[in-house]
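Novice: In the UniProt record's numbering, the protein residues as written are 1 to 163. One structure, pasted below without further comment.
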Amino acid sequence: MSKAPRYTYEFGKKTDGNASDEMRSLLGGKGANLAEMARIGLPVPPGFTITTAVCTYYYANKKKYPKALNSQIEKAVSNVEKQLSKKLGDKKNPLLFSVRSGARDSMPGMMDTILNLGINDEVVEALASKTGNSKFAWDCYRRFLQMYGGVVMGVEALASEHH
């Protein structure tokens, strides 16, 4: 049985990529730059990049994701949890992710972002308690809902929500 293609590359304490042209094509500009900054020792919060091969596979296979992707994402999330001593969805010490789309070349304002992935009704309370700042926690939740609604669900923002 052949080994599944690699769909995630980590950065942080353990860094898999760099800013070479090959990695830039595979990880996009942001992903390659984060990997390179971590590789040379700059302080970069741990995270991971899902490769452009996933997008290629998705469109070549009737909008289905590769079977190996889920387990690779779960492993990458687990590695970030271990590095930060936080847990995605945890009610006491929650981990939140920023999800950013990217391309090989920079396109400011053209790519989508979702901040605070992992926040929910229970996690927002934990975040408020942990930070001592309820307004901050609820603003994080609002931003997540607004971004998720717009990017994933296609909900258009009201004119009063544009900044």
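Here a beta-carbon is modelled for each residue, glycine too, at the ideal position from N, C-alpha and C. These figures come from a predicted structure and were not determined experimentally.
Who are the near neighbours of residue 122 in its chain, counting only those whose CB is closer than 7 Å to its CB and skipping five residues on each side?
Specialist: Residue 122 sits at position 122 when you count from the first residue of the sequence shown. Contacts found: 91.
Novice: Taking all protein chains shown into account, decide if residue 48 is buried (16 or more other Cβ within 10 angstroms of its Cβ) or exposed.
Specialist: Within the sequence shown, numbered from 1, the residue matching residue 48 stands at position 48. So residue 48 counts as buried.
Novice: Note down, one range per segment and in chain order, each beta strand (DSSP E) of at least 3 residues found wholly within the stretch 32–110.
Specialist: The stretch 32–110 contains these whole beta strand (DSSP E) runs: 47–50 and 97–100.
Novice: Please classify residue 24 as buried or exposed, where buried requires at least 16 neighbouring CB atoms within 10 angstroms.
Specialist: Here residue 24 refers to the residue found at position 24 when the sequence shown is read from its first residue. It counts as buried.
Novice: Using a 10 Å radius around the Cβ and a threshold of 16 neighbouring Cβ atoms, would you call residue 137 buried or exposed?
Specialist: Stepping through the sequence shown from its first residue, residue 137 is reached at position 137. Looking at its Cβ environment, which holds 16 or more other Cβ atoms inside 10 Å, residue 137 is buried.
Novice: Let me make sure I understand the geometry here. Which of 57, 60, 12 and 50 has the alpha-carbon closest to that of residue 37?
Specialist: Taking the first residue of the sequence shown as position 1, residue 37 is located at position 37. Nearest option by C-alpha distance: 12.
Novice: In terms of DSSP beta bridges, what is residue 117 paired with?
Specialist: In the sequence shown, counting from the first residue as 1, residue 117 sits at position 117. For residue 117, which the question treats as bridged, DSSP gives the partners 97.
Novice: Using a 10 Å radius around the Cβ and a threshold of 16 neighbouring Cβ atoms, would you call residue 60 buried or exposed?
Specialist: The count along the sequence shown starts at 1 and reaches residue 60 at position 60. So residue 60 counts as exposed.
Novice: Identify every residue that forms a DSSP beta bridge with residue 9.
Specialist: Working through the sequence shown from its first residue, we reach residue 9 at position 9. 49, per the DSSP bridge assignment.
Novice: Hey, would you say residue 117 sits closer than 8 Å to residue 143, going by beta carbons?
Specialist: For the purposes of this step, residue 117 is identified with residue 117 of the sequence shown, where counting begins at 1. For the purposes of this step, residue 143 is identified with residue 143 of the sequence shown, where counting begins at 1. Their beta carbons are not under 8 Å apart, which means residue 117 does not touch residue 143 by this criterion.
Novice: Closest by CA to residue 131, which one among 120, 94, 101 and 67?
Specialist: Translated into positions along the sequence shown, residue 131 becomes position 131. The shortest Cα separation from residue 131 among 120, 94, 101 and 67 belongs to 94.
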